[in-house]
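See below for the structure under consideration.
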Amino acid sequence: MITLRNVSKQFPGSGGYAVRDFSLEIAEGETVVLVGPSGSGKTTILRMINRLIEPTSGTIEVDGVDVMSIEPVELRRRMGYVIQSIGLMPHRTVAQNIGMVCDLVGWPAERIRARVAELAAMLELDPELLERYPSELSGGQRQRVGVARALGVDPPALLMDEPFGAVDPIVRARLQDQLLNLQSQIRKTIVLVTHDIDEAMKLGDRIAIINRGGVLEQYASPEEILRAPASPFVGDFIGAERGLKRLALMAVKSVDTEAGPLVNPEAEVPAALEVMRSHGTDWAAVVDGEHLLGWVDAKGLSGRAIVGDMDPRPFSAVVSPTSSLREALDAIVINKTHVAAVVDDGRYCGLLTLERVAQELTAAS
Amino acid sequence: MTPPDVLVDWSWLGTHTSEIGHLAIQHVQLTVIAVVIGLAISLPVGIAAYRHHRIYGPVSGFAGLLYTIPSLALFALLVPYTGLSTTTAEIGLVSYTLLILIRNIVSGLEGVPSDVREAARGMGYGERQLLWRVEIPLALPVIIAGVRIATVTTIGLVTVTALIGQGGLGALILQGYRQDFPTPAYAGAALSVVLAVLSDVVLLTIQRLLTPWAKPAEVRQSVETVVPAAMAGA
Chain A
24 MITLRNVSKQ FPGSGGYAVR DFSLEIAEGE TVVLVGPSGS GKTTILRMIN RLIEPTSGTI
84 EVDGVDVMSI EPVELRRRMG YVIQSIGLMP HRTVAQNIGM VCDLVGWPAE RIRARVAELA
144 AMLELDPELL ERYPSELSGG QRQRVGVARA LGVDPPALLM DEPFGAVDPI VRARLQDQLL
204 NLQSQIRKTI VLVTHDIDEA MKLGDRIAII NRGGVLEQYA SPEEILRAPA SPFVGDFIGA
264 ERGLKRLALM AVKSVDTEAG PLVNPEAEVP AALEVMRSHG TDWAAVVDGE HLLGWVDAKG
324 LSGRAIVGDM DPRPFSAVVS PTSSLREALD AIVINKTHVA AVVDDGRYCG LLTLERVAQE
384 LTAAS
Chain B
177 MTPPDVLVDW SWLGTHTSEI GHLAIQHVQL TVIAVVIGLA ISLPVGIAAY RHHRIYGPVS
237 GFAGLLYTIP SLALFALLVP YTGLSTTTAE IGLVSYTLLI LIRNIVSGLE GVPSDVREAA
297 RGMGYGERQL LWRVEIPLAL PVIIAGVRIA TVTTIGLVTV TALIGQGGLG ALILQGYRQD
357 FPTPAYAGAA LSVVLAVLSD VVLLTIQRLL TPWAKPAEVR QSVETVVPAA MAGA
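Structure below.
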């Protein structure tokens, strides 16, 4: 949807390149994060997409059309734009701010009103806030108004420049979650600039890591970048603990779990002991149909006839298939155990061992 | 003028109300015309100076030069060309509004937060839409503050134009001096102060209505600063 081809930018009088021979393909409906240290030209790249800055050389295409052939005003109305300081109009109410671009392109008042209400609901903005002025809002609320405004005419693309840079970490995390949630419903093409690699990992389908002077170092999925950093710069930039960061991005269901030593409540004790022996354990998980009841150990079963004679003990570490491996690791370590039961809505899916998680951890390095 | 036996001769005031009213209206007219023409000149000049910063220096220098010419001297310089006329009075009065108005227009526009401008551009506002829908509305509190100072200053200066046969309430003051009869002078001075305060309150109210988003504390300019300005002009 958005293609940058050999784009360079030199600002007059600065000598060097702000962006140098930069190429990037951004697919429709994808969230691409441009991340890099200050001086990497990431904001310049973003602003060249909507022609707030014009490239010195190279081409930028939106839906196959060179942006230089589109009127800047037209081009910008087709892309939502969100900046760190938000830039809400202090002299307009929240509703007028959200409906700004709709008004600019000449929508009738009734349609604007309906769209504003829809966007307010989408961003969980209290309808009461709509008649207030921006100065009466909290930082997090303003940021959401900024995003709602950018989505006004339902543009296919959103450009976001450090959108969560000005709010405190707790609000930032909440806004990031909200953006992820929103994006799963609206599927916009999002280009987001940040200097925060963790934010990039959390939000990006793909991440472009940019070095000083606007040089692209690596363009790949977060998981790929953590698994195989393309250069020492990328390695430094993603920092220490990249194994752990990678675990945070991987779902439990993405690795093979083991069925483990399994018995049902009706099983006779000698058969249960045989299951344990064959798995090299002294315990077994008790499963009734698909339902996980807990676990029993060999010592507890001695002198009993069937497994059901003993009350199974609950697993201390239980995770769901959509949990991250990082959460699974936390659950295992905190509970001083070496295995987590994977349970999906009461249904037993398997066991995840500490060894298996450790394997993924070392795969990154 | 010798100290009077009585401060104010109330019966004289009673018999001259229609004359005083007429002069007050003339005073208001002279002021309104001066401020409106001043604004009509300052607005395009101020916008141009804001857009092209290198012309701001010369423009502001010229307006400053006009402002420093003593009012009496300016009228004396103009009389050979435009006579003892309203035109002469207005040329002078308008000249004195320019510095204040242009400066406030430029500083009002410059005070528009850059992130607001950036966001508006990024959303697809053209230059003209940016000016009329964003920059001017946001500069309005500062622009109106300039109009208030210009108006109050002009009300004071109008009294001086009595010396060239104009002057609204200034004519009363002059008459008091000439006849060694202080009542008209007191009435003229008091009424011009009342006019100054009144017009300031009216403009402040207009500003509040036009800029409901602005917090009063940011734009309030109290009456205490206005009265001395009116007195100084008178």
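Going down the list, the sequences are from chains A and B.
Going by this note's numbering, the first residue of the first sequence is number 24, and it counts up by one from there.
Going by this note's numbering, the first residue of the second sequence is number 177, and it counts up by one from there.
Even glycine gets a Cβ: it sits at the ideal position worked out from N, Cα and C.
It should be emphasised that the depicted structure is a prediction, and the values quoted were computed from it without experimental measurement.
Check, Outcome
"Cβ of Leu127 (chain A) less than 9 Å from any chain B Cβ?", "yes"
"If you follow the beta strand (DSSP E) that Leu57 (chain A) is in, where does it begin and where does it stop?", "54-58"
"Should Ile109 (chain A) be flagged as near chain B, meaning a C-beta pair shorter than 9 Å?", "yes"
"Sorted by chain position, which residues of the same chain lie with C-beta nearer than 7 Å to Glu53 (chain A)'s C-beta, five sequence neighbours on each side aside?", "Thr212, Asp228, Arg229"
"Can you tell me the Cα-Cα spacing of Cys372 (chain A) and Val341 (chain A), whole angstroms?", "11 Å"
"Taking the runs of the beta strand (DSSP E) that are 3 residues or longer, which of them lie wholly in the segment 216-244 of chain A?", "229-234, 238-243"
"Any beta-carbon of chain B closer than 9 Å to the one on Leu152 (chain A)?", "no"
"Would Arg74 (chain A) pass as a contact of Val90 (chain A) if the rule is Cβ separation under 9 Å?", "yes"
"Which one or two residues does DSSP pair with Ala308 (chain A) in a beta bridge?", "A:Leu285, A:Trp318"
"Suppose you measure from the CA of Ile196 (chain B) to the CA of Asp185 (chain B); what does that come to, to the nearest Å?", "14 Å"
"So, helix, strand or coil for Thr79 (chain A), using DSSP?", "coil"
"Can you check whether the C-beta of Trp389 (chain B) is within less than 9 Å of a C-beta belonging to chain A?", "yes"
"Does any residue of chain A bring its CB to less than 9 Å from the CB of Leu296 (chain B)?", "Here residue 296 (chain B) turns out to be Ala, not Leu, going by the sequence shown. Closer than 9 Å to some Cβ of chain A, the Cβ of Ala296 (chain B) qualifies, so yes."
"What did DSSP end up calling Arg210 (chain A) once you bin it into helix, strand or coil?", "coil"
"Taking the straight line between their C-alpha atoms, what separation do you get for Ala410 (chain B) and Glu266 (chain B)?", "Residue placement at Ala410 (chain B) cannot be trusted, given a pLDDT of 40 that sits under 50; the coordinates are not used to answer."
"If you measure beta-carbon to beta-carbon, which residues of the segment 301-325 of chain B are closer than 9 Å to chain A?", "Tyr301, Gly302, Gln305, Arg309, Val310, Pro313, Leu314, Leu316"
"What does a CB cutoff of less than 6 Å around Thr26 (chain A) pick up in its chain, not counting 5 residues either side in sequence?", "Glu48, Glu84"
"Where does Val96 (chain A) sit, in a helix, a strand or coil, going by DSSP?", "helix"
"Am I right that Thr330 (chain B) and Thr273 (chain B) are in contact with their C-beta atoms under 8 Å? What's the rounded C-beta distance?", "6 Å"
"Flag Ala393 (chain B) as yes if its beta-carbon sits less than 9 Å from any beta-carbon of chain A, otherwise no.", "Here the model assigns Ala393 (chain B) a pLDDT of 48, short of 50, so the residue's position is not dependable, and the following value carries that caveat. Chain A, which has no Cβ nearer than 9 Å to the Cβ of Ala393 (chain B), makes this no."
"Hey, could you find the ends of the beta strand (DSSP E) Asn29 (chain A) is sitting in?", "25-32"
"Using a Cβ-Cβ cut-off of less than 9 Å, list which residues of the segment 155-183 of chain A approach chain B; keep chain order.", "Tyr156, Pro157, Ser158, Gly169, Arg172, Ala173, Gly175, Leu182"
"Ignore the nearest five residues each way along the sequence and tell me which others in Val341 (chain B)'s own chain have a CB closer than 7 Å to its CB.", "Contrary to the premise, residue 341 (chain B) reads as Gly rather than Val in this sequence. These residues qualify, in order along the chain: Leu260."
"Please give me, in chain order, every unbroken run of the beta strand (DSSP E) with length at least 3 that falls completely inside the segment 263-304 of chain B.", "none"
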